[in-house]
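Asks: Sharing a structure here in structure tokens format.
Chains as they are written, first to last, in the working numbering: chain Y, 8 to 188; chain Z, 8 to 188.
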């Protein structure tokens, strides 16, 4: 009996507002609307993300997420998750690069529908509600992110894995893993 | 004719949840409610601030504030401001200490009602709605803060100065300025 395993490589792209537009917001000062406040002592880069608070009795939460596990690439994507009734923003609390994997809101994404992006160290991101994404991974442990998401009534997290015969590998360069096993 | 100038020194205290409780939240992992998520790979320090969105058509904004002016202490407080229908959170985007000056929500605070606090480098703060505070100051230029505040209809900023014969000095140690001029 022959076992067939399908491997799909997702190559990491540099994160920009344009290539992330289908999934959410890039939180950065670059190309953002800005204006001086406090007699010019402070520049306000204004309204950088759409904070979406759906469902009943919703409110915005401010949290800190700390990563305990270091990841390396190629990285096998275990699953994707989504928050159907709220956005979720991640802003690194030190200048660090991180990788996100996303699929458009809607049905559970097929491997070929996923995209992977790496931030430049100064960017944060905001997943819009319903956008599928990889749980947080990072190259180092102890990294901290400021997270703005939704609290309130109702279940706001769905997780979906992939069958055992599908391996989704997040890679920095194409062809880092065997295409057949 | 004798001109009399009243000088009030406000001595900077270390910022803690306890001493800031009348004014808002300290955003830090220390002593915060937390729990593991994503199979233990991430620790979530949960719901660290009360995001208050009053008034009509309100929504949460995520912004970046960049400080263009360096300040030194003793620092003469020019004015205080408040946001009557929304909270405002400041979280530094690199580990930096900063000083806040606050007065309780209500009437324009008298100089003796003001308090000054300095963060430990890893803390953020959230002013509750209506709390009087100093416009942002910092020891260095180019410092960046993630700011979560309120957008929507209505005027959400009041500023109040102090008479020319009142000088409010923010100092690191008492008696850094002459008590009479």
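Note that CB positions come from ideal geometry on N, CA and C, so glycine has one too.
Closest to residue 67 of chain Y by CA distance: which of Y:162, Y:95 and Y:18 is it?
Replies: For the purposes of this step, residue 67 of chain Y is taken as the residue at position 60 of the first chain. Among Y:162, Y:95 and Y:18, the Cα nearest to that of residue 67 of chain Y is on Y:95.
Asks: Taking Cβ to Cβ, would you say residue 91 of chain Z is nearer than 8 Å to residue 137 of chain Z?
Replies: As a working mapping, residue 91 of chain Z is identified with position 84 in the second chain. As a working mapping, residue 137 of chain Z is identified with position 130 in the second chain. Against a cut-off of 8 Å, the Cβ pair of residue 137 of chain Z and residue 91 of chain Z comes out as a contact.
Asks: Quick one: which chain Z residues come within Cβ less than 9 Å of residue 50 of chain Y?
Replies: Here residue 50 of chain Y is taken as the residue at index 43 of the first chain, counted from 1. Those are 71, 72, 73, 74 and 75, listed as they occur along chain Z.
Asks: Any beta carbon from chain Z within less than 8 Å of residue 54 of chain Y's own beta carbon?
Replies: Position 47 of the first chain holds residue 54 of chain Y. By this cut-off, residue 54 of chain Y is an interface position.
Asks: Compute the beta-carbon to beta-carbon distance between residue 58 of chain Z and residue 69 of chain Y, rounded to the nearest angstrom, for a pair I have assumed lies under 8 Å.
Replies: Within the second chain, residue 58 of chain Z is the residue found at index 51, counting from 1. Within the first chain, residue 69 of chain Y is the residue found at index 62, counting from 1. Sure, about 6 Å apart at Cβ, within 8 Å.
Asks: Taking the beta carbon of residue 188 of chain Z as the centre, do at least 16 other beta carbons fall within 10 Å, making it buried, or is it exposed?
Replies: Stepping through the second chain from its first residue, residue 188 of chain Z is reached at position 181. Confidence at residue 188 of chain Z is low in this model, with a pLDDT of 46, below 50, so the placement of that residue should be treated as unreliable; the coordinate-derived value is given next. So residue 188 of chain Z counts as exposed.
Asks: Does any residue of chain Y bring its CB to less than 8 Å from the CB of residue 66 of chain Z?
Replies: As a working mapping, residue 66 of chain Z is identified with position 59 in the second chain. Yes, its Cβ sits closer than 8 Å to a Cβ of chain Y.
Asks: At the level of alpha carbons, what is the spacing between residue 175 of chain Y and residue 41 of chain Y?
Replies: On the first chain, residue 175 of chain Y is found 168 positions in, with the first residue counted as 1. On the first chain, residue 41 of chain Y is found 34 positions in, with the first residue counted as 1. Cα to Cα, the separation comes out at about 40 Å.
Asks: Would you please verify whether the beta carbon of residue 36 of chain Y is less than 8 Å from any beta carbon of chain Z?
Replies: Translated into positions along the first chain, residue 36 of chain Y becomes position 29. Judged by the 8 Å Cβ criterion, residue 36 of chain Y is in contact with chain Z.
Asks: Would you kindly report the start and end of the unbroken beta strand (DSSP E) that includes residue 64 of chain Z?
Replies: If you number the second chain from 1, residue 64 of chain Z lands on position 57. That residue, residue 64 of chain Z, is in no beta strand (DSSP E); it is neither H nor E in DSSP.
Asks: Please identify, using Cβ separations under 9 Å, the residues of the region 95-118 of chain Z that lie next to chain Y, in order along the chain.
Replies: Flagged, chain order: 96, 98, 99, 100, 101 and 102.
Asks: Could you work out which residues of chain Z lie near residue 127 of chain Y, taking near to mean beta carbons separated by less than 8 Å?
Replies: The count along the first chain starts at 1 and reaches residue 127 of chain Y at position 120. Simply none; closest approach about 14 Å.
Asks: Do you know offhand how far residue 56 of chain Y's Cα is from residue 123 of chain Y's?
Replies: Working through the first chain from its first residue, we reach residue 56 of chain Y at position 49. Working through the first chain from its first residue, we reach residue 123 of chain Y at position 116. Each residue's Cα considered, the two are about 20 Å apart.
Asks: Any C-beta of chain A sitting closer than 8 Å to the C-beta of residue 45 of chain Z?
Replies: Note that chain A does not occur in the displayed structure, where the protein chains are Y and Z.
Asks: Since residue 153 of chain Y meets chain Z, which of its residues come closer than 7 Å, beta carbon to beta carbon?
Replies: Taking the first chain and counting its residues from 1, the one referred to as residue 153 of chain Y is at position 146. What residue 153 of chain Y touches in chain Z: 98 and 153.
Asks: At the 8 Å Cβ level, is residue 142 of chain Z part of the contact set with chain Y, yes or no?
Replies: Numbered from 1 along the second chain, position 135 holds the residue referred to as residue 142 of chain Z. Judged by the 8 Å Cβ criterion, residue 142 of chain Z is in contact with chain Y.
Asks: Which chain Y residues sit within Cβ distance under 8 Å of residue 158 of chain Z?
Replies: In the second chain, residue 158 of chain Z corresponds to position 151, counting from 1. In chain order: 54.
Asks: In chain order, which continuous runs of the beta strand (DSSP E) of length 3 or greater are located wholly inside the region 27-94 of chain Y?
Replies: Fully enclosed beta strand (DSSP E) runs of 3 or longer: 31-34, 41-44, 49-52, 66-74 and 86-89.
Asks: DSSP three-state label for residue 123 of chain Z, please.
Replies: If you number the second chain from 1, residue 123 of chain Z lands on position 116. Strand.
Asks: Going by DSSP, name the residue or residues bridged to residue 12 of chain Z.
Replies: Counting from 1 along the second chain, the entry for residue 12 of chain Z is found at position 5. Its beta-bridge partners do not exist; DSSP assigns none.
Asks: Rounded to a whole number of angstroms, what is the C-alpha to C-alpha distance between residue 43 of chain Y and residue 97 of chain Z?
Replies: Walking along the first chain from the start, residue 43 of chain Y turns up at place 36. Walking along the second chain from the start, residue 97 of chain Z turns up at place 90. Those two C-alpha atoms are separated by around 17 Å.
Asks: Do you know how far the Cα of residue 148 of chain Y is from the Cα of residue 93 of chain Y?
Replies: As a working note, residue 93 of chain Y is residue 86 in the first chain. As a working note, residue 148 of chain Y is residue 141 in the first chain. Near 27 Å, if we compare the C-alpha coordinates of residue 148 of chain Y and residue 93 of chain Y.
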